[in-house]
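Everything below concerns the one structure shown next.
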Amino acid sequence: MGDMANSSIEFHPKPQQREAPHAGGFGCTLAELRTLMELRGAEALQKIQEAYGDVSGLCRRLKTSPTEGLADNTNDLEKRRQIYGQNFIPPKQPKTFLQLVWEALQDVTLIILEVAAIVSLGLSFYAPPGEESEACGNVSGGAEDEGEAEAGWIEGAAILLSVICVVLVTAFNDWSKEKQFRGLQSRIEQEQKFTVIRNGQLLQVPVAALVVGDIAQVKYGDLLPADGVLIQGNDLKIDESSLTGESDHVRKAADKDPMLLSGTHVMEGSGRMVVTAVGVNSQTGIIFTLLGAGGEEEEKKDKKAKKQDGAVAMEMQPLKSAEGGEMEEREKKKANVPKKEKSVLQGKLTKLAVQIGKAGLVMSAITVIILVLYFVIETFVVEGRVWLAECTPVYVQYFVKFFIIGVTVLVVAVPEGLPLAVTISLAYSVKKMMKDNNLVRHLDACETMGNATAICSDKTGTLTTNRMTVVQSYLGDTHYKEIPAPSALTPKILDLLVHAISINSAYTTKILPPEKEGALPRQVGNKTECALLGFVLDLKRDFQPVREQIPEDKLYKVYTFNSVRKSMSTVIRMPEGGFRLFSKGASEILLKKCSNILNSNGELRSFRPRDRDDMVKKIIEPMACDGLRTICIAYRDFSAAQEPDWDNENEVVGDLTCIAVVGIEDPVRPEVPEAIRKCQRAGITVRMVTGDNINTARAIAAKCGIIQPGEDFLCLEGKEFNRRIRNEKGEIEQERLDKVWPKLRVLARSSPTDKHTLVKGIIDSTTGEQRQVVAVTGDGTNDGPALKKADVGFAMGIAGTDVAKEASDIILTDDNFTSIVKAVMWGRNVYDSISKFLQFQLTVNVVAVIVAFTGACITQDSPLKAVQMLWVNLIMDTFASLALATEPPTESLLLRKPYGRDKPLISRTMMKNILGHAVYQLTIIFTLLFVGELFFDIDSGRNAPLHSPPSEHYTIIFNTFVMMQLFNEINARKIHGERNVFDGIFGNPIFCTIVLGTFGIQVIATIPTSQLKCLKEAGHGPGKDEMTDEELAEGEEEIDHAERELRRGQILWFRGLNRIQTQIRVVKAFRSSLYEGLEKPESKSSIHNFMATPEFLINDYTHNIPLIDDTDVDENEERLRAPPPPSPNQNNNAIDSGIYLTTHVTKSATSSAFSSRPGSPLHSVETSL
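Counting the sequence shown from 1 gives a position; my numbering is that position plus 574.
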């Protein structure tokens, strides 16, 4: 035990250091008080007597008065806070944004992407050394043109950009969620107040303002906010189950067990206590500290514990000894520590990403191998060349080229939109779920909920309203199944009933008007008494005037309620002399003390044991079968002459006259049966786990529809459940559990341990066709272990304790079961959104990879350029993920069974859609690729040198490809084989905007520059030549390749004058390679492609030669506009006419390449200059 105290002191050294030997003038140190609070019962009393004499001695040491309390003096209070700490448990340090970023980076898909991006970036900066020579073969096609060389980095950068997007979005979501949760916490904390005595006045102070030495008033229903020692108490009983797991109430008295602990509930009686430990030094605080700081240490111990049976720690039944509570708490925490496994969807996605990654690697490897073999065989076998030493750099450059193509294929194969889609979808859902009263603390809980197959729910407060109400009554010989009309009752009976209820109940119990319009009236105090007061209000009478007439201090004698008496009685003095005793209590006890009963006229008639048995059979048992608690209300008159001995309770409370018997229940929330029916239709089994007795539990379960007549189900009590699942040694066996849980619907009188055992058993079970995914709801501290163990833990936002909230994944801000059904709907929607996105993304990927692969192998270059691929990959995927991830959920999601843990992510229907679409798209693209130029009567873009600017032919292919993806995005909206893909499309404005927007951008991106007036003016005005490559790079993504070549060309023109020397070299190179090209016509299909090679950078020098004058240009143009002579390849007419002047060749060649449209970009630029 001491070990625990030490461990928690280590975590909070600050208060320790401040401690002076006499603690700032107070007679107790912090450590003394802490050790004191760890004792229970007789030990504690002994310690108090030894150290302080008695409790008032302790108060003197703490400088406080047991009756007057502390002086309300700010300095004193501040000093106490400094020495003994504040009554505030610091929340676990929230993760910093950078930690969240680091966590987001651990994703497998992202790691694959990062590697691909870095490789791609590295290669783009690799510039091979050495000059080419003719001996190295026809290498001209291998060298890059300058534009592409500089654009090479874009690819890697774009992938990294997408990774950064994903990581930041994920981290930001987690961060804002955490912030929201903390906001909710602090709001709840500020609302809690507690009654203390300061300066002899009763004050309500916020819980956080309590200090050591405060005298606090404790009454029924309080949750104790700090540890203390009882000064004086009346019938005080505490429920310490939240600390010890012990369900029996513990009796507290100043002379027996005066120790009151924070986090426990007062179940009976009242009293005053002196506060001795607050915040992290209180018992709850110590446990929180262990939860937070002890996490790491516990984990180490945990590994050892795990080797034995992990469950055993949980099964240790709490000892009732002084240490029992602490030890068990510790064991409980220990069992909580293991991290949850990945969520169902994450698991499947990681698996898929790895599979796709592997497939991509294989594809890219094959691409590289084929390209290398093709090149080697072509160069060294077919042409019979020899590998020369000086040619090595050139060949290496070739191989690097092939490797880059390989990486492109890999990049295209990996769906980098996937993590983003998941994140966006989850973030969107979480935001929307807030509106449906679900505060999601862990993102993945959202989609796990969509796969839930079982829900283990609490009864009180979740399925029921947690408001006791009278629903049946027996008055004046009549059994009313609902509230009787006041007119149906004799005035005498009504009057007696109203007085008996109003006077004979704690005056602190009241019913207040609702806080909000349309809410239910607020019940304050004892729930059962509230039910009776509510009954008075339902009978159109008011209890307040009666209480004002007979205030509390006029009551002659009160026998308070306790669990032995099971009744409460109050004696009042009658105005005309004599006394009247009102009594209420459990009907089976009180009826035995009744000798008369009021008949329908309000007159007495005798009530014999035979009548009583009759009544039990006909009235009380039917009520109990409906799940009602029966309460008897009776009275007795004493004449002034025969005043009894008031201390002889048995004599006083006897010979009573029964006024009424009422049946009280905690009614089922009206919306619950429908919600449970939805769950069952959706294939989710709802089980009820409650501490209530089995009859009530069974009745409520039947009302909710958890159990239906004629079904084969089990309703067990905790003891019986344990007997069935444990072997002779008392160990839990999974096989035994597997026999019980499938039919179990109600577990009554269950301890927290039973709940944890059940949840763990269901999750670990491998029987049945699929593994189970379990959601658990809970509100008590004792539900913590089960909430943590479950796949999704729901805590109650209003009634839930802090420990429950800390252990949960989702907080129900309205404590309502229907919100869970909403969570299921959203969860399934997330799952479906991601499936939709996958269907879309994988079609794009399959097509792109096959096109890139075959293109690279057949035409030596991918028909879709790397940058185009990235436009498709990044922009389309990011947008598509936004569009498909924001589809709103529909009720139809609840009509299918959950997917479960084992079902593959890509269903048969999806596979069919993906492959069907891929085949259709590939057919069209290959048709365009191989015979497209014949359809459109344009130049063929095939067999261009590696990385030449895109031709019209390839632009058509690119556009077609993008448009097919756009329309496939609409198809991807349905994944379960529905026929109508447009169904509900206008319900999602984001989707419509994105589809139209992408369409618009695509159209603009591929319009030739000459049609865009704004770009025509580029290149005018001073200082343009300072325009840096970075500036260019900014616009890179949106601008098509051809336009970029132009822009760069315009800038280079201004630099051109100092390049005249290079022209001469270029002309020579041009000649030599030209004649080679003419010898081997099949390698160059058009001069247009030919001229795009780097040795022939048109843009570099067309306009640097000052020989040209305008007339020359005009003449030239006139000549070019005339229809060229027919020749086998329209574009070769330039070559046929020989090289008579460099400028003319370059110009005519370019212009003829564009001659099909006079307003070609180059033409327009020339004229503008």
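In this text, a Cβ means the ideal position worked out from N, Cα and C, and glycines have one as well.
Alpha carbon of residue i to alpha carbon of residue j, nearest angstrom
{"i": "Gln1308", "j": "Val1260", "result": "21 Å"}
{"i": "Thr1270", "j": "Ala1492", "result": "59 Å"}
{"i": "Val1190", "j": "Glu1162", "result": "8 Å"}
{"i": "Val629", "j": "Arg655", "result": "21 Å"}
{"i": "Leu1386", "j": "Leu1013", "result": "6 Å"}
{"i": "Ala745", "j": "Gly1265", "result": "40 Å"}
{"i": "His1527", "j": "Ile1512", "result": "7 Å"}
{"i": "Lys1379", "j": "Gly1352", "result": "9 Å"}
{"i": "Ala1579", "j": "Asp1451", "result": "17 Å"}
{"i": "Cys633", "j": "Gly757", "result": "37 Å"}
{"i": "Arg1482", "j": "Asn1419", "result": "18 Å"}
{"i": "Asp1112", "j": "Ile1057", "result": "7 Å"}
{"i": "Glu525", "j": "Gln1442", "result": "Here the chain covers residues 575 to 1743 and nothing more, so residue 525 does not appear."}
{"i": "Ile1077", "j": "Phe1156", "result": "8 Å"}
{"i": "Cys1289", "j": "Leu1202", "result": "18 Å"}
{"i": "Gly931", "j": "Val1348", "result": "32 Å"}
{"i": "Leu1503", "j": "Val950", "result": "25 Å"}
{"i": "Val1236", "j": "Asp1286", "result": "33 Å"}
{"i": "Val1132", "j": "Val785", "result": "34 Å"}
Exposed unless 16 or more other CB atoms sit within 10 angstroms - verdict on residue i
{"i": "Arg1015", "result": "buried"}
{"i": "Asp831", "result": "buried"}
{"i": "Thr1036", "result": "buried"}
{"i": "Cys1566", "result": "exposed"}
{"i": "His1550", "result": "exposed"}
{"i": "Phe699", "result": "exposed"}
{"i": "Val852", "result": "buried"}
{"i": "Ser861", "result": "Per the sequence shown, the amino acid found at residue 861 is Ile instead of Ser. With 16 or more Cβ atoms within 10 Å of its Cβ, Ile861 is classed as buried."}
{"i": "Met611", "result": "buried"}
{"i": "Asn1403", "result": "buried"}
{"i": "Ser1738", "result": "The predicted position of Ser1738 is uncertain, since its pLDDT is 41 and thus under 50; no value can be drawn from it."}
{"i": "Leu1164", "result": "buried"}
{"i": "Val928", "result": "exposed"}
{"i": "Arg1272", "result": "buried"}
{"i": "Leu687", "result": "buried"}
{"i": "Gln1123", "result": "exposed"}
{"i": "Phe1556", "result": "exposed"}
Beta bridge counterpart(s) of residue i as assigned by DSSP
{"i": "Leu1318", "result": "Leu1288"}
{"i": "Lys1131", "result": "Val1145"}
{"i": "Leu1178", "result": "Leu1172"}
{"i": "Pro780", "result": "Lys767"}
{"i": "Asp1312", "result": "Asp1312 pairs with nothing; no bridge assigned."}
{"i": "Asn1012", "result": "Leu1386"}
Beta-carbon contacts of residue i that lie in its chain and below 6 Å, excluding the five residues immediately before and after
{"i": "Arg772", "result": "Gly643, Leu644 and Asp646"}
{"i": "Val1350", "result": "Cys1030, Val1333, Ala1360, Leu1361, Ala1364 and Gly1367"}
{"i": "Gly934", "result": "Leu984, Ala987 and Val988"}
{"i": "Gly574", "result": "Lying outside 575 to 1743, the shown extent of the chain, residue 574 is not represented and no answer is given."}
{"i": "Val824", "result": "Ile812 and Glu814"}
Sequence-distant residues of the same chain with beta carbon closer than 7 Å to residue i, five excluded per side
{"i": "Met937", "result": "Val983, Ala987, Val1423 and Phe1427"}
{"i": "Tyr1130", "result": "Val1145, Ile1146, Arg1147 and Phe1153"}
{"i": "Lys793", "result": "Val840, Ser844 and Thr1082"}
Residue range of the alpha helix (DSSP H) that includes residue i
{"i": "Thr1052", "result": "Element bounds for Thr1052: not the alpha helix (DSSP H) but the beta strand (DSSP E), Thr1052 to Tyr1054."}
{"i": "Ser1161", "result": "Ser1161 to Leu1164"}
{"i": "Glu1245", "result": "Segment: none, Glu1245 is in no alpha helix (DSSP H) and carries neither H nor E."}
{"i": "Glu1223", "result": "Glu1223 to Val1226"}
Range covered by the beta strand (DSSP E) that runs through residue i
{"i": "Ala1062", "result": "That residue, Ala1062, is in no beta strand (DSSP E); it is neither H nor E in DSSP."}
{"i": "Asp1188", "result": "Note, Asp1188: premise wrong, no beta strand (DSSP E); alpha helix (DSSP H) at Pro1183 to Met1189."}
Contacts around residue i, its chain only, beta-carbon distance under 8 Å, and the 5 residues preceding and following it disregarded
{"i": "Ala939", "result": "Gly980"}
{"i": "Lys767", "result": "Gln778, Val779, Pro780 and Val781"}
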